[in-house]
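First up is the structure itself, then whatever we jot down about it.
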């Protein structure tokens, strides 16, 4: 059952990622990989939210959580593409843009994952503490 959930989720995530890439082809400057950035940030937020929501009370059944987390979010987000795009920016003498891409991806990604996790915990009824 888990394999089927991952497969269905993976199919959905890859289609969503492709749609994001198509939708951002003409956005801003071609030097910045908007499609991958948006897909990765969206994945950070959604996975953080789902994990926080399901941490205390198992609101989402395990096969669905695996399908959404490993399948959909796993295929939506991509660290390998992020790595290759960063190297390409660097190789194209866009050292500044490569640095911005890395800092924005790590910084905003962590904020969205943490924010999503916090919102998920609040939504599940868990009292959120800082320590």
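Residue numbers (full-length UniProt numbering): 1 to 131. Beta carbons: idealized from backbone N, C-alpha and C, even for Gly.
| said: As a quick exercise: from 50, 98, 76, pick the residue whose alpha carbon is nearest that of residue 114. | reply: For the purposes of this step, residue 114 is identified with residue 114 of the chain shown, where counting begins at 1. Nearest of 50, 98, 76 to residue 114, Cα basis: 50.
| At least three beta-carbon pairs within less than 8 angstroms, the stretch 2 to 12 to the stretch 25 to 36 | Touching, no, given that fewer than three Cβ pairs across the two stretches are closer than 8 angstroms.
| query | Helix or strand or just coil, what does DSSP make of residue 63? | reply | Here residue 63 refers to the residue found at position 63 of the chain shown. In this structure, residue 63 counts as helix in the three-state DSSP scheme.
| Under the criterion of a Cβ to heavy atom distance below 8 angstroms, does residue 92 qualify as lining the ligand SAH? | You won't find the ligand SAH in this model; it holds no ligand whatsoever.
| Taking Cβ positions, are residue 55 and residue 120 nearer each other than 9 angstroms? | One-based indexing of the chain shown puts residue 55 at position 55. One-based indexing of the chain shown puts residue 120 at position 120. Yes, these two residues count as a Cβ contact at 9 angstroms.
| CA-CA distance, residue 32 and residue 117? | Counting from 1 along the chain shown, the entry for residue 32 is found at position 32. Counting from 1 along the chain shown, the entry for residue 117 is found at position 117. Rounded to whole angstroms, the gap between the alpha carbons of residue 32 and residue 117 is 28 angstroms.
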